[in-house]
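For the sequence shown, counting from 1, position 32 maps to 32 in this note's numbering; every step adds exactly one. Glycine is no exception: its CB is placed at the ideal position from the N, C-alpha and C atoms.
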Amino acid sequence: MATVLVTGGNGYIGSHTVISLSENGYDVIIADNLINSKMEVQNRLEKITGKRFKFYKADCCDEAAMRRIFEENSIDSVIHFAGLKAVGESVKIPLDYYQNNIVSMITVARLMKEFDVRKLVFSSSATVYGMSEDVPFTEESPLGVCTNPYGWTKWMLEQVLKDFAKANPEMKICLLRYFNPVGAHESGLIGEDPRGIPNNLFPYISKVAGGTLDCLTVFGDDYDTPDGTCLRDYIHVVDLADGHVKAIDYLDKTDDCVSVFNIGTGKGTSVKEAVAAFEKACGHEIKHVFGPRRPGDIAVCYASTDKAYRLLGFKARYNIDDMCTSCWKWQSMNPEGLSD
Ligand code: NAD
Ligand code: UDP
C-alpha cells in the first residue's frame, strides 16, 4: 500500500482528502502543527473511516521534527496542504505568512530530495491569476499580480517548485489551483471550522443561518455580472479531495516534472445565487444587506476544467445545492465548531 504524507492533514481540505485517500487504498500519515485546526478532527476521521491515522504534531518549518517523520516511515508521496490562508491576516502579518508558507514548503521539499521521495502535490490557488477577468482561467492563462501576501506565497511557491523540478528532473510535482472550496463531508462530522469571525462567504452564511451571526453583508451589487454580485467557482470539498487522489495517481503515469491543473467546476455562481441556494438548504431566510465592494475582489472568477478532465479524469460531481446542504448539516451538527 503506497503511503502518502499529508501535511496540514488536520485542516479543512486536508482532512477530507485523508478520507478520499483512505477510501482509495492509500495509507496516510498526517503532519500538522494544529495552528488552525483542532485535534478532535482525528477522532472524527476515525468515526468516518474506522481507522486511526498516524498523526505527528509537527511544524513543517521544523526540519528536525519533519526529518523524524521521513526516517520513521517509508513515504511514497507528499500532499502539502500546510500553510496559513487568511487573506486579510496576511496583509497585517506578511512576514509570518512568507515565513510559514515558504519555509514549510522548502523544508519538506529538501527532505523529499534527501529521502528520495519524488511525488508532490501542492495546494495552489486561483489567486495566482491575479486581477485578470479573462475567464475562464486556463492553466495557460498568464499569472497575474497578486493583491495580498497570501496570494504571493502561492505564486512564489509555484516558481520555487518549478525551479526545484528543473534542477531535479526525477521529481514529479503537481500544482493544483483550487477555485473556491466549500461544503463538508456528508456525515456532518468534519467541515470548515474557522477561528473567530469568518471572512469567506460560505462560513459566514453558515453562521448567519445558524444564528451565531446576525446578518451577511454582500460586498457590492454593482458589478458587471447578471445580478450585479460577484461570480465565483465554488467546488465541493469532497470533489476537491477526489482531485488530489487523481493527481497522485497521475504522477505515477506522467513523464512531466511539473503538471498544473485547475480544480473547479467551470461554473460561476453569484453571491445572490449562493445565498438563495443556502436558504433552500436550511429552510429559512438568510438575513443580508448590500454593502460596498470589498477591495481586491474581482467580478468574475471561474475555471476552465478541460485539462483536469482530459488528463486526470477529474470532473466535479456536486452542485451548489449539494454544497449548501452539506455545509448546513455540518453547521447544524456543530454550531460552535469542534472543541480543542
Ligand atoms: P486549513 O487552515 O483548514 O488547513 C491547513 C492546515 O495546515 C491546518 O490544520 C494548520 O494547522 C496546518 N498548518 C499550517 N501551517 C503549518 C505548518 N507550518 N506546519 C504544520 N501544519 C501547518 O486550510 P485549508 O482550507 O484546508 O487549506 C489547505 C491548503 O489549501 C492551504 O495551503 C491553503 O492555502 C490552500 N488553499 C485553500 C483554499 C481555501 O479556500 N480553503 C483555496 C486555495 C488554496
Ligand atoms: N462575500 C460577501 N460577503 C462576505 C464574504 C464574501 O459578499 O461576507 C463575497 C466576496 O465579495 C466574493 C465572494 O463572496 O465575491 C466569495 O468570497 P470569499 O472570500 O469566500 O472567496 P474569494 O473568492 O474572495 O477568495
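| Asked | Found |
| --- | --- |
| Would you decide whether Asn401 is buried or exposed? Buried here means 16 or more other CB atoms lie within 10 Å of its CB. | The structure shown does not extend to residue 401, since the chain is modelled only from 1 to 340, so the question has no answer here. |
| Rounded to whole angstroms, what's the CA-CA distance from Thr325 to Asp116? Just pull it up for me. | 43 Å |
| Candidates Ala86, Gly9, Lys315, Ala31: which alpha carbon is nearest Gly342's? | Residue 342 falls outside the range modelled here, since the chain spans only 1 to 340, and no answer is possible. |
| Would you mind stating whether His80 and Val237 have Cβ atoms separated by less than 7 Å? | no |
| Here's a check: name, in chain order, each residue in its chain whose Cβ is nearer than 7 Å to the Cβ of Pro198, leaving out the five neighbours to either side. | Tyr204, Lys207 |
| Run the Cβ filter for me: residues under 6 Å from any heavy atom of the ligand UDP, listed in the order they occur in the chain. | Asn180, Asn199, Asn200, Leu201, Tyr204, Leu216, Thr217, Val218, Phe219, Cys230, Arg232, Val271, Arg294, Asp297 |
| Say whether the stretch 274-294 touches the stretch 122-138, bearing in mind that this needs 3 or more beta-carbon pairs closer than 8 Å, one atom from each stretch. | no |
| Can you look up Phe122 in the DSSP assignment and give me helix, strand or coil? | strand |
| So, Leu201 versus Val300, is the Cβ gap smaller than 7 Å? | no |
| Between the Cα of Cys60 and those of Ala31, Ile19, Ser37, Thr49, spot the shortest distance and give me the residue it belongs to. | Ala31 |
| Whole-angstrom Cβ separation of Phe137 and Ser259, contact assumed at under 8 Å? | Wrong, their Cβ atoms sit about 16 Å apart, outside the cutoff. |
| Check whether the stretch 208-221 and the stretch 149-164 touch, using three or more Cβ-Cβ pairs below 8 Å as the test. | no |
| Please report the distance separating the alpha-carbon of Phe70 from that of Cys257. | 22 Å |
| For Ser259, write down the residues that DSSP places opposite it in a beta bridge. | Cys174 |
| Can you tell me where the alpha helix (DSSP H) holding His16 begins and where it ends? | 12-23 |
| Taking its Cβ as the centre, do 16 or more other Cβ atoms sit within 10 Å of Arg52, making it buried, or is it exposed? | exposed |
| Report the partner residues of Ser270 according to the DSSP bridge assignment. | Leu231 |
| If you follow the beta strand (DSSP E) that Leu5 is part of, which residue opens it and which one closes it? | 3-7 |
| Any idea if Lys172 is buried or exposed, counting beta-carbon neighbours within 10 angstroms, 16 or more meaning buried? | buried |
| Give me the DSSP bridge partner(s) of Val78. | Leu5, Leu120 |
| Who are Ala303's beta bridge partners in DSSP? | Phe137 |
| What is the rounded straight-line gap between the Cα of Asp27 and the Cα of Met1? | 6 Å |
| Output the distance between the C-alpha atoms of Tyr223 and Gly268, rounded to the nearest integer angstrom. | 14 Å |
| Please specify which runs of the beta strand (DSSP E), each continuous and at least 3 residues long, are wholly inside the stretch 20-75, giving them in chain order. | 27-32, 54-57 |
| At what residues does the beta strand (DSSP E) containing Thr107 begin and finish? | That residue, Thr107, is in no beta strand (DSSP E); its alpha helix (DSSP H) goes 104-114. |
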